[in-house]
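Novice: There's a structure below that I have some questions on.
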Amino acid sequence: MTYEVRGVVARGKGEPVSVETILVPEPGPGEAVVDVKACGVCHTDLHYREGGIGADYPYLLGHEAAGVVSAVGPGVTDVAPGDYVILNWRAVCGQCRACRRGRPWYCFDTANATQRMTLADGTELSPALGIGAFAEKTLVAAGQCTKVDPAAPPQVAGLLGCGVMAGLGAALNTGHVSRGDTVAVIGCGGVGAAAVLGASLAGASKVVAVDVDERKLVWAKEFGATDTVLASSVDVIETVKELTGGFGADVVIDAVGRPETYKQAFYARDLAGTVVLVGVPTPEMTLEMPLLHFFERGGALKSSWYGDCLPSRDFPLLIDLFLQGRLPLDAFVTETIALDQVEAAFARMHHGDVLRSVVLL
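With the UniProt record's numbering applied, the sequence shown corresponds to residues 1 to 361, in that order.
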């Protein structure tokens with residue numbers, strides 16, 4: 001049986017997205033079909049539309065999602081029809097060199113569905129991050145489904161599928177922020193705000209939020225920032241140092257991913273401090289800095305892939321914290337929208353008007 005559903009498609013670089021008929025095949029071995037209940041509008045989807053990630057058009061966009069498994073293929077035992085799941089783009093293989101060394105959050109051979117979803121005319125679609133969840137149903141590898149408590153609303157649970165998990169994990173898993181640390185977060189959109197929240201949860205003594213948009217700094221304060229820096233009006237590096245005793249922060253998280261913000265992060269950290277890059281650069285960006293400065297300052301320079309999360313470990317834990325009232329995931333949801341409003345949501349996101357728009361299906 002082939003399922004006929006509606007989905008949001010990017011047909012070409014820079015073209016407005018459209019809602020089109022999508023054909024979803026029955027799940028094959030190791031695959032699952034998920035009825036999508038909610039999917040966040042993430043900047044990565046805009047990167048796909050703009051050609052910043054690849055040129056395998058047409059793309060079926062959407063990846064930050066929660067839903068209910070409706071069918072599974074042969075050999076699938078970890079999930080079953082009726083399971084409430086968050087979709088993830090790191091389906092751990094358990095066999096690659098990272099997994100065998102006990103570091104599955106770095107899995108180098110994550111799985112996607114083998115079959116392809118198509119347009120009505122048979123044109124194969126490239127699902128964003130191997131998920132494609134701006135659709136009423138999607139086909140994924142069963143390992144991309146992580147079971148969580150169904151008491152969490154899908155518009156909240158789905159946020160862990162990408163942006164919020166990336167930010168939380170950048171602070172908690174990659175930056176290893178610990179009690180008493182000083183932290184600066186450059187860029188306080190959805191990912192950066194989550195990094196602020198993660199640093200606050202970890203017990204950082206000071207969390208400095210940096211952005212060019214005063215609205216985002218207000219949001220950052222709500223997520224635990226102790227200080228804010230309006231980057232358009234001051235020297236970011238010197239201001240962060242002033243706010244951290246003249247030394248710089250122990251951990252600086254770049255949630256923008258541009259050469260200028262990375263340089264700010266590098267020089268705004270204390271000696272032997274840590275820089276975490278979680279913002280996603282585009283392919284043409286380059287960085288030129290004196291190599292001696294890397295040697296002189298020491299410390300650690302890290303890139304955070306998906307917040308270095310392990311979905312099977314982190315998603316259920318974070319959902320439990322939300323249900324206990326200890327993790328305000330719902331505060332990230334600015335608005336809920338329909339499938340045909342994704343293009344308008346991209347514009348609002350680009351202008352910084354929202355933390356997260358979430359499609360409800």
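Virtual Cβ for every residue (Gly too), placed ideally from N, Cα, C.
Note that this is a predicted model, so its numbers are computed, not measured.
#1: Nearest-angstrom Cα distance between P25 and G130?
#2: Can you name the residues that DSSP bridges to P127?
#3: Pull up the CB-CB distance for K206 and T239, whole angstroms please, since I reckon it's below 8 angstroms.
#4: E136 and R11: beta carbons closer than 8 angstroms?
#5: Among the candidates A249, A157, A55, whose CA atom is the shortest distance from the CA of K13?
#6: Buried or exposed: which applies to V234, given that a residue is buried once 16 or more other Cβ atoms fall within 10 Å of its Cβ?
#7: Is the separation between the beta-carbon of C309 and that of G158 shorter than 8 angstroms?
#8: Could you tell me which whole beta strand (DSSP E) segments of length 3 or greater appear in the region 127-208?
#9: Go to K241, then tell me how far its alpha helix (DSSP H) extends in each direction, as first and last residue.
#10: Kindly indicate the opening and closing residues of the beta strand (DSSP E) around A38.
#11: Below 8 angstroms between beta carbons: does that hold for V358 and L339?
#12: Along the chain, where does the beta strand (DSSP E) that runs through C302 open and close?
#13: What do you get for R215, buried or exposed, if any count of 16 or more other CB atoms within 10 angstroms of its CB means buried?
#14: Please report how far the alpha carbon of G40 lies from the alpha carbon of H63, in whole angstroms.
#15: Report back the beta-carbon spacing between V236 and A268 to the nearest angstrom; my notes put them in contact at under 8 angstroms.
#16: Considering R6, what are the terminal residues of the beta strand (DSSP E) in which it resides?
#17: For A32 and V68, which I take to be in contact (beta-carbon distance under 8 angstroms), what is that distance rounded to the nearest angstrom?
Specialist: By the coordinates alone:
#1: For the purposes of this step, residue 25 is taken as residue 25 along the sequence shown, with counting starting at 1. For the purposes of this step, residue 130 is taken as residue 130 along the sequence shown, with counting starting at 1. Looking at the two C-alpha atoms, the distance is approximately 15 angstroms.
#2: What you label residue 127 is simply residue 127 of the sequence shown in a count that begins at 1. Note: P127 sits in a beta bridge opposite L60.
#3: Here the question's residue 206 lines up with position 206 in the sequence shown. Here the question's residue 239 lines up with position 239 in the sequence shown. Their Cβ separation, rounded to whole angstroms, is 13 angstroms, which puts K206 and T239 out of contact at 8 angstroms.
#4: Within the sequence shown, numbered from 1, the residue matching residue 136 stands at position 136. Within the sequence shown, numbered from 1, the residue matching residue 11 stands at position 11. Going by C-beta atoms, E136 is not nearer than 8 angstroms to R11.
#5: As a first step, residue 13 must be located in the sequence shown, where it is residue number 13. K13 has its Cα closest to that of A55, out of A249, A157, A55.
#6: Position 234 of the sequence shown, counting from 1, holds the residue named residue 234. Flag for V234 reads exposed.
#7: Here residue 309 refers to the residue found at position 309 of the sequence shown. Here residue 158 refers to the residue found at position 158 of the sequence shown. No, they are not a contact pair.
#8: 137-141, 145-147, 182-186
#9: On the sequence shown, residue 241 is found 241 positions in, with the first residue counted as 1. Here the alpha helix (DSSP H) through K241 covers 236-243.
#10: As a first step, residue 38 is located in the sequence shown; it is residue number 38 there, counting from the start. Residues 31-40.
#11: As a working mapping, residue 358 is identified with position 358 in the sequence shown. As a working mapping, residue 339 is identified with position 339 in the sequence shown. No; because the gap between Cβ atoms is not below 8 angstroms, this pair is not in contact.
#12: Residue 302 sits at position 302 when you count from the first residue of the sequence shown. Strictly speaking, residue 302 in this sequence is Lys, with Cys absent from that position. Counting along the chain, the beta strand (DSSP E) containing K302 begins and ends at 300-303.
#13: Locating residue 215 in the sequence shown gives position 215, where the first residue counts as 1. R215 is exposed by the Cβ-count criterion.
#14: On the sequence shown, position 40 is the one that residue 40 refers to. On the sequence shown, position 63 is the one that residue 63 refers to. Cα to Cα, G40 sits roughly 8 angstroms from H63.
#15: Reading the sequence shown from its first residue, position 236 is the one you call residue 236. Reading the sequence shown from its first residue, position 268 is the one you call residue 268. That pair is a contact at about 6 angstroms.
#16: In the sequence shown, residue 6 corresponds to position 6, counting from 1. First-last of the beta strand (DSSP E) with R6: 3-10.
#17: Here residue 32 refers to the residue found at position 32 when the sequence shown is read from its first residue. Here residue 68 refers to the residue found at position 68 when the sequence shown is read from its first residue. The Cβ separation is near 11 angstroms, so there is no contact.
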